[in-house]
Amino acid sequence: MNDWKTLTYSTAERIARITLNRPARGNGITPDMPRELALAVERANLDPNVHVIALAGNGKGFCGGYDLVMSAEARMGDLEPAGESIPGSPLDPFTVFENHDPSKTWDPMLDYQMMHRNVRGFMSLFHSDKPVVCKVHGFCVAGGTDMALCSDLLVIEDTAKIGYPPARVWGVPTTAVWAHRIGIEKAKRLLFTGDCLSGTEAVAWGLACEAAPREQLDARFEVLLERIARMPVNQLVMMKLLINQTVMGAGLSTTQVLGTVFDGIARHTREGYAFQRRAAEAGFKEAVRERDEPFGDFGASTFKG
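At position 5 of the sequence shown the residue is numbered 36 (the working numbering), and the sequence of numbers has no breaks.
Written as C-alpha cells, this is what we have:
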C-alpha cells in the first residue's frame, strides 16, 4: 500500500478513484504529484476489477497549477531536502532552485529533464489502458490543465474557470494538448491571451463533454462513470488505443518536446525574470494579480473582453 503524499486512491464497483489531496494549497502540483499520479494510474490498470478511472480534486477547486510560491518567491529556506532524489539531480529541489537564479547560467537540459518527468506523469492518464474521466469544480488552471486535458473525458462545473493564464508570462503548456483537444484556432485564441473559459464555454468549445451546476456535478459525473464501467475492459482498451493513435499520428510526442523546452525558456526570459523578481518582492499572489488584473480576470473571473 502506498503512503500517498499528494492524492488518495480507492476502488469500488469497477471504478478506481484518484483524488488530488492538497486542498490547503489548491491541490498545487509538487514534484511528488506527477510521480504518484503515474503510480496510481498503473495500479488501476493492473487491477482486473477496475474498468474506469475517476480523477478529481479535494477542496475548493480541482487544481490551481504548480505550487510556485516557493520557487517564484525565491525562498531558499523553504526548500526541503532532496528526499528520494539524488543531490544534484534534475529532481533535487536545491538544484532546480539554483537553475532559476538569474545570476547563474541556466542549463536548459537540466530544466527539460525535470519538467519532462512531470509530463510523463501527466501523460500516464493519456496512455492509461483504461479510460480516465476527470471532474473539474471551482478552477483548473495552468499546470492543472495538463492533468484535466490528458484525461479522456472532462465533466466540469458550469461556472468553473479553466485555462492557461501563464501563457501571459512564465509558462508554456508542456503537455501541448490544447490544439489536439479544441483545434488550432480555438487553442490560439486562448494561448495568445491567457484567457480562460467557464465550464459552460468549455463544453461549447469542445473541451469538455458535459457541464453541470455544482449541486448536480457529482451526480452527472457518476452517471458517466457507471455507464463506462458497464463495458468490458478489453473493449475499453481497444477503443482508447484506436482513438489515441490519431493524436499520436498527428505528432503529439514531438510537440510535447517543444512545449517542455519552451516552458523552460519562458521562465528565463527578461519578462520571466521580472515576474520572478516581483513575486520575490511582493509575493506570488500579488505578482499573479498584477499579471491578470489588466485582462480583467484575476481570481475566479473568466472575463475575456
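Just so you know, even glycine gets a beta-carbon here, dropped at the ideal spot from N, CA and C. Quick caveat: nothing in here was measured; it's all calculated off a predicted structure.
Legend entry - Straight-line gap, A310 to I274 (C-alpha atoms, nearest Å): Position 279 of the sequence shown, counted from the first residue, corresponds to residue 310. Position 243 of the sequence shown, counted from the first residue, corresponds to residue 274. One C-alpha to the other measures close to 42 Å.
Inset, instruction - Determine, using beta carbons only, whether Y143 and T291 come nearer to each other than 8 Å. - result: For the purposes of this step, residue 143 is taken as the residue at position 112 of the sequence shown. For the purposes of this step, residue 291 is taken as the residue at position 260 of the sequence shown. Closer than 8 Å, so yes.
Inset, instruction - For K192, count neighbouring Cβ atoms within 10 angstroms of its own Cβ and tell me buried if that reaches 16, exposed if not. - result: Counting from 1 along the sequence shown, the entry for residue 192 is found at position 161. Buried, by the Cβ-count rule.
Legend entry - Residues that C227 bridges to, as DSSP identifies them: Sequence index remark: in the sequence shown, residue 227 carries index 196 (1-based). C227 is bridged to G194.
Legend entry - Assigned exposure category for D123 - 16 Cβ within 10 Å defines buried: Looking up residue 123 in the sequence shown gives position 92. Counting Cβ neighbours within 10 Å, D123 comes out buried, since at least 16 surround it.
Inset, instruction - Using 10 angstroms around the beta-carbon of V254, count the other beta-carbons present and answer buried if the total reaches 16, otherwise exposed. - result: In the sequence shown, counting from the first residue as 1, residue 254 sits at position 223. It is exposed - the Cβ of V254 has fewer than 16 other Cβ atoms within 10 Å.
Inset, instruction - Determine the extent of the alpha helix (DSSP H) in which L248 is found, giving its start and end residues. - result: Within the sequence shown, the letter at position 217 stands for residue 248. Taken as a continuous stretch (DSSP letters only), the alpha helix (DSSP H) holding L248 covers R245 to A260.
Inset, instruction - Would you please state the rounded distance, in angstroms, between the beta carbons of R212 and L184? I believe it to be under 8 Å. - result: Sequence index remark: in the sequence shown, residue 212 carries index 181 (1-based). Sequence index remark: in the sequence shown, residue 184 carries index 153 (1-based). Going by Cβ atoms, the distance from R212 to L184 rounds to 11 Å, so no, they are not a contact pair.
Inset, instruction - Apply the 10 Å Cβ neighbour rule to L221 and answer buried if 16 or more other Cβ atoms are within range, or exposed otherwise. - result: For this step, residue 221 is matched to residue 190 along the sequence shown. The residue in question, L221, is buried, as its Cβ has 16 or more Cβ neighbours within 10 Å.
Inset, instruction - Confirm, please, whether the CB-CB distance from G57 to V200 is below 8 Å. - result: Sequence index remark: in the sequence shown, residue 200 carries index 169 (1-based). Sequence index remark: in the sequence shown, residue 57 carries index 26 (1-based). Against a cut-off of 8 Å, the Cβ pair of G57 and V200 comes out as no contact.
Legend entry - Nearest residue (CA-CA) to R251, options C165, T224, L68 and V81: By 1-based counting over the sequence shown, the position of residue 251 is 220. Measuring from the Cα of R251, the nearest candidate turns out to be C165.
Inset, instruction - Using beta-carbon positions only, say whether T205 and D138 come within less than 8 Å of one another. - result: The residue given as residue 205 occupies position 174 in the sequence shown. The residue given as residue 138 occupies position 107 in the sequence shown. No.
Inset, instruction - Using 10 angstroms around the beta-carbon of A43, count the other beta-carbons present and answer buried if the total reaches 16, otherwise exposed. - result: The sequence position of residue 43 within the sequence shown is 12, counting from 1. The residue in question, A43, is exposed, as its Cβ has fewer than 16 Cβ neighbours within 10 Å.
Legend entry - For C240, three-class secondary structure by DSSP: If you number the sequence shown from 1, residue 240 lands on position 209. Coil.
Inset, instruction - From the DSSP output, in three-state form, read off E44 for me. - result: The count along the sequence shown starts at 1 and reaches residue 44 at position 13. It is coil, neither helix nor strand.
Inset, instruction - Specify, as a first and last residue, the run of the beta strand (DSSP E) that E73 falls within. - result: As a working note, residue 73 is residue 42 in the sequence shown. First-last for E73: D63 to L77, but that is the alpha helix (DSSP H), not the beta strand (DSSP E).
Legend entry - Expected contact under 8 Å - CB spacing of N89 and T50 to nearest Å: Within the sequence shown, residue 89 is the residue found at index 58, counting from 1. Within the sequence shown, residue 50 is the residue found at index 19, counting from 1. That pair is a contact at about 6 Å.
Inset, instruction - Spatial neighbours of M177 within its chain, please: CB distance less than 6 Å, with the 5 preceding and 5 following residues excluded, ordered by chain position. - result: Translated into the one-based positions of the sequence shown, residue 177 becomes position 146. Note that residue 177 is Asp in the sequence shown, not Met. The residues are F153 and T206.
Legend entry - Of the listed residues P65, L267, M270 and R322, nearest to G175 (C-alpha basis): One-based indexing of the sequence shown puts residue 175 at position 144. Considering only alpha carbons, the answer is P65.
Legend entry - Buried or exposed by the 16-neighbour rule on C-beta atoms within 10 Å, applied to L289: Sequence index remark: in the sequence shown, residue 289 carries index 258 (1-based). L289 should be labelled exposed.
Inset, instruction - Decide yes or no for the touch test of the region 116-130 against the region 80-89: beta carbon pairs closer than 8 Å, at least 3 of them. - result: no
Inset, instruction - Measure the beta-carbon distance from K161 to V264 and round it to whole angstroms, keeping in mind my assumption that it falls under 8 Å. - result: Here the question's residue 161 lines up with position 130 in the sequence shown. Here the question's residue 264 lines up with position 233 in the sequence shown. Going by Cβ atoms, the distance from K161 to V264 rounds to 7 Å, so yes, they are a contact pair.
Legend entry - Own chain partners of G114 with C-beta closer than 7 Å, once the 5 adjacent residues on each side are dropped: As a first step, residue 114 must be located in the sequence shown, where it is residue number 83. Confidence at G114 is low in this model, with a pLDDT of 49, below 50, so the placement of that residue should be treated as unreliable; the coordinate-derived value is given next. Within the same chain, G114 has no close Cβ partners at all.
Inset, instruction - In the DSSP assignment, find the beta strand (DSSP E) that holds L184 and state where it starts and stops. - result: Counting from 1 along the sequence shown, the entry for residue 184 is found at position 153. L184 -> beta strand (DSSP E) spans L184 to E188.
Inset, instruction - For the region 256-302, list the alpha helix (DSSP H) runs that are entirely contained and at least 4 residues long, ordered along the chain. - result: 264-280 and 283-297
Inset, instruction - May I ask which residues mark the beginning and end of the alpha helix (DSSP H) holding G88? - result: The residue given as residue 88 occupies position 57 in the sequence shown. Run containing G88: none in the alpha helix (DSSP H); it sits in the beta strand (DSSP E), V83 to G88.
Inset, instruction - Give the single residue among Q276, E324 and V319 whose Cα lies nearest to the Cα of F157. - result: Taking the sequence shown and counting its residues from 1, the one referred to as residue 157 is at position 126. Ranking Q276, E324 and V319 by Cα distance to F157 puts Q276 first.
Legend entry - Same chain only: Cβ atoms within 6 Å of V208, ignoring 5 sequence neighbours per side: As a working mapping, residue 208 is identified with position 177 in the sequence shown. For V208, where only same-chain residues beyond five positions count, the Cβ hits under 6 Å are L180.
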